[in-house]
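So the structure is just underneath, and the comments pick up after that.
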Amino acid sequence: MLHIILFILKILGLLVLIVLGLVLAVALLILLVPVRYQAEGSYDGKVKGKARITWLLHILSVTAQYEEDLIVRVRIFGFRIGKPKKMDSELKEAEDIVVQAMEIMEPEPIREVLKGKEDDPDRVREEPIPPPQEESRNLTPPKKEPKKKKGFQIKGMFEKLKKKVLMAFTKLKFFFLRICDTLKTIKDKKDEIYAWISDKENQKTGKLLFRQVKRLVRHILPHRGKGNITFGFDDPYLTGQVLTYASVIYPLCHKHLNLYPVFDQTVFTMEGTFRGRIRMGSVLLIGSRMLLNRNFRRLLKGWLHKGGIA
Numbered sequence: 000m001l002h003i004i005l006f007i008l009k010i011l012g013l014l015v016l017i018v019l020g021l022v023l024a025v026a027l028l029i030l031l032v033p034v035r036y037q038a039e040g041s042y043d044g045k046v047k048g049k050a051r052i053t054w055l056l057h058i059l060s061v062t063a064q065y066e067e068d069l070i071v072r073v074r075i076f077g078f079r080i081g082k083p084k085k086m087d088s089e090l091k092e093a094e095d096i097v098v099q100a101m102e103i104m105e106p107e108p109i110r111e112v113l114k115g116k117e118d119d120p121d122r123v124r125e126e127p128i129p130p131p132q133e134e135s136r137n138l139t140p141p142k143k144e145p146k147k148k149k150g151f152q153i154k155g156m157f158e159k160l161k162k163k164v165l166m167a168f169t170k171l172k173f174f175f176l177r178i179c180d181t182l183k184t185i186k187d188k189k190d191e192i193y194a195w196i197s198d199k200e201n202q203k204t205g206k207l208l209f210r211q212v213k214r215l216v217r218h219i220l221p222h223r224g225k226g227n228i229t230f231g232f233d234d235p236y237l238t239g240q241v242l243t244y245a246s247v248i249y250p251l252c253h254k255h256l257n258l259y260p261v262f263d264q265t266v267f268t269m270e271g272t273f274r275g276r277i278r279m280g281s282v283l284l285i286g287s288r289m290l291l292n293r294n295f296r297r298l299l300k301g302w303l304h305k306g307g308i309a
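Take the sequence shown: its letter number 204 is residue 203 in numbering that gives the first Met the number 0, and every next letter is one higher.
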């Protein structure tokens, strides 16, 4: 009887070890096997592109292709999961909303506005012009034709346009008010901000955060590929400003990206192909280095508490 119990415990122990080994193997695969991605695309008045994400010898692959329609395909072990999903309806709906918001329609001719169904009460019927008759002694004054009213379509169009302009103005007003409130808050707390920046521990934490973010960006950015961006405006000063802002992040991707500014015309074209990989273990390692910093945890806890999250 005892040897039977020991045999059962031995089998249970082996099963537990097998399960733990499988869990550990899956965890190591997720942490160490990178997710590889590749993308190619271009823009010259029209967007075209294709992207693909694969993991673990193409066991899992996701492909997205856009050319007038966005099509997404998912495969596991080479077998397609479901049918290719088309996102054209959502994209067209968003495009229609943008077009309706930005388009200023020209008023239609009065004859086109007056066209409608026979039972339309707002329709103004055009009376046929009678043929000229000989003059008679009893001249009757000509009948005054009623003034043709513009259709409600034009009136409704201008009403909608007016509402959109007022809504945009209101949003812009609130945006500037928020900026003013933020600047006022910063002015009121300038002593507190200066004390926070002057703290040596905060300075060390800031440098550590900068280094880790830099490593994360370098890890995520493509390692192979080349891209070209040509941009320009009619105003050379505006082109120079955009080039100045782009120079902030350009050192991180100068090996894979070429910028061609044009100072005498408005132009924007881009093309490129890129490949890269993201390893979850590296991302977690970068994040853990920040979480191991005591001062960073204290600042993070205070920020979450003030934000109402914790």
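Positions of the beta carbon are idealized from the N, C-alpha and C atoms, including for glycine. Just so it is clear, the structure is predicted and the values come from calculations on it, not from any experiment.
Legend entry - Glu191 versus Ala245: straight-line alpha-carbon distance, rounded: Taking the first residue of the sequence shown as 1, we reach residue 191 at position 192. Taking the first residue of the sequence shown as 1, we reach residue 245 at position 246. Using only the alpha carbons, I get a separation of about 32 Å.
Inset, instruction - With DSSP as the reference, label Tyr45 as helix, strand or coil. - result: Indexing the sequence shown from 1 puts residue 45 at position 46. Residue identity check: residue 45 is Lys in the sequence provided, not Tyr. Per DSSP, reduced to three states, the secondary structure at Lys45 is coil, with no helix or strand assignment.
Legend entry - Separation of Leu69 from Arg288, as counted between CA atoms: Taking the sequence shown and counting its residues from 1, one reaches residue 288 at position 289. Taking the sequence shown and counting its residues from 1, one reaches residue 69 at position 70. Near 39 Å, if we compare the C-alpha coordinates of Leu69 and Arg288.
Inset, instruction - Can you tell me which of the three DSSP states Gly239 falls into? - result: Along the sequence shown, one-based indexing puts residue 239 at 240. The answer is helix: DSSP assigns Gly239 an H, G or I state.
Inset, instruction - Check the C-beta distance from Leu30 over to Gly280 and give it rounded, since I have them as a contact under 8 Å. - result: Position 31 of the sequence shown, counting from 1, holds the residue named residue 30. Position 281 of the sequence shown, counting from 1, holds the residue named residue 280. At roughly 4 Å, the Cβ-Cβ gap stays under 8 Å, so Leu30 and Gly280 are in contact.
Legend entry - Beta-carbon proximity of Thr272 to Lys225, cut-off 9 Å: Here residue 272 corresponds to residue number 273 of the sequence shown, with the count starting at 1. Here residue 225 corresponds to residue number 226 of the sequence shown, with the count starting at 1. Yes, Cβ-Cβ distance for Thr272 and Lys225 is below 9 Å.
Inset, instruction - Please go through the same chain and pick out, in chain order, the residues whose beta-carbon is closer than 8 Å to the beta-carbon of Arg276, but skip the five residues on each side of it. - result: As a first step, residue 276 must be located in the sequence shown, where it is residue number 277. Pro33, Val34, Arg35, Tyr36 and His222.
Inset, instruction - Determine contact between the segment 198-208 and the segment 293-300, defined as no fewer than three beta-carbon pairs at a distance below 8 Å. - result: With contact defined as three or more Cβ pairs closer than 8 Å, the segment 198-208 and the segment 293-300 are in contact.
Inset, instruction - Give the secondary structure of Pro221 by DSSP, where H, G and I count as helix, E and B as strand, and everything else as coil. - result: Within the sequence shown, numbered from 1, the residue matching residue 221 stands at position 222. In the structure shown, Pro221 sits in coil (DSSP, three-state: anything other than H, G, I, E or B).
Inset, instruction - Using three-state DSSP, classify Ser246 as helix, strand or coil. - result: Locating residue 246 in the sequence shown gives position 247, where the first residue counts as 1. Of the three classes helix, strand and coil, the one that applies to Ser246 here is coil, per DSSP.
Legend entry - For Thr169 and Arg177, the rounded distance between their alpha carbons: On the sequence shown, residue 177 is found 178 positions in, with the first residue counted as 1. On the sequence shown, residue 169 is found 170 positions in, with the first residue counted as 1. If I take the Cα positions, the gap works out to 12 Å.
Inset, instruction - Sort Leu251, Phe78 and Val261 by Cα distance to Asp234 and report the nearest one. - result: Taking the sequence shown and counting its residues from 1, one reaches residue 234 at position 235. Answer by Cα proximity: Val261.
Legend entry - Closest residue to Thr53 among Val61, Leu5 and Val46 (Cα-Cα distance): As a first step, residue 53 is located in the sequence shown; it is residue number 54 there, counting from the start. The shortest C-alpha separation from Thr53 is found at Val61.
Inset, instruction - Specify the secondary structure class of Arg288 as computed by DSSP and reduced to three states. - result: Position 289 of the sequence shown, counted from the start, is the residue given in the question as residue 288. Of the three classes helix, strand and coil, the one that applies to Arg288 here is helix, per DSSP.
Inset, instruction - Determine the extent of the alpha helix (DSSP H) in which Val18 is found, giving its start and end residues. - result: Here residue 18 refers to the residue found at position 19 of the sequence shown. First-last of the alpha helix (DSSP H) with Val18: Leu1 to Leu31.
Legend entry - Through-space distance from Val212 to Tyr42, alpha-carbon basis: Residue 42 sits at position 43 when you count from the first residue of the sequence shown. Residue 212 sits at position 213 when you count from the first residue of the sequence shown. Their Cα atoms are separated by approximately 30 Å.
Legend entry - Contact set for Lys300: own chain, Cβ-Cβ below 6 Å, skip 5 residues either direction: Within the sequence shown, the letter at position 301 stands for residue 300. Once the five neighbours on either side are set aside, Lys300 has no close Cβ partner at all.
Inset, instruction - Specify the secondary structure class of Ile52 as computed by DSSP and reduced to three states. - result: Taking the first residue of the sequence shown as position 1, residue 52 is located at position 53. Ile52 falls in the strand class under three-state DSSP.
Inset, instruction - For the segment 158-186, list the alpha helix (DSSP H) runs that are entirely contained and at least 4 residues long, ordered along the chain. - result: Fully enclosed alpha helix (DSSP H) runs of 4 or longer: not present.
Inset, instruction - Within 10 angstroms of the Cβ of Leu11, are there 16 or more other Cβ atoms? Answer buried if so, exposed if not. - result: Within the sequence shown, the letter at position 12 stands for residue 11. Looking at its Cβ environment, which holds fewer than 16 other Cβ atoms inside 10 Å, Leu11 is exposed.
Inset, instruction - Please say whether Ile228 and Leu256 have beta carbons closer to each other than 9 Å? - result: Within the sequence shown, the letter at position 257 stands for residue 256. Within the sequence shown, the letter at position 229 stands for residue 228. Cβ distance < 9 Å, so Leu256 and Ile228 count as in contact.
Legend entry - Simplified DSSP assignment, three categories, for Ile192: As a position in the sequence shown, residue 192 is number 193, starting the count at 1. Residue state, collapsed to three classes: helix.
Legend entry - Residues that Arg296 bridges to, as DSSP identifies them: Start at 1 with the first residue of the sequence shown, and residue 296 comes out as number 297. The partner list for Arg296 (beta bridge, DSSP) is empty, contrary to what the question assumes.
Inset, instruction - State the DSSP-derived secondary structure class of Arg210, mapped to helix, strand or coil. - result: Residue mapping note: residue 210 aligns to position 211 of the sequence shown, counting from 1. Of the three classes helix, strand and coil, the one that applies to Arg210 here is helix, per DSSP.
Legend entry - Pairwise C-alpha distance: Ile58 and Arg278: Here residue 278 is taken as the residue at index 279 of the sequence shown, counted from 1. Here residue 58 is taken as the residue at index 59 of the sequence shown, counted from 1. Cα to Cα, Arg278 sits roughly 16 Å from Ile58.
Legend entry - Closest by C-alpha distance to Tyr310, when choosing among Lys47, Gly81, Thr181 and Tyr259: In the structure as shown, the chain begins at 0 and stops at 309. Residue 310 is therefore absent and cannot be evaluated.
Inset, instruction - Measure the alpha-carbon distance for Pro250 versus Tyr236 and round it to whole angstroms. - result: Stepping through the sequence shown from its first residue, residue 250 is reached at position 251. Stepping through the sequence shown from its first residue, residue 236 is reached at position 237. Cα to Cα, Pro250 sits roughly 22 Å from Tyr236.
Legend entry - Inter-residue Cα distance where the pair is Ile7 and Ala24: The count along the sequence shown starts at 1 and reaches residue 7 at position 8. The count along the sequence shown starts at 1 and reaches residue 24 at position 25. Rounded to the nearest angstrom, the two C-alpha atoms are 26 Å apart.
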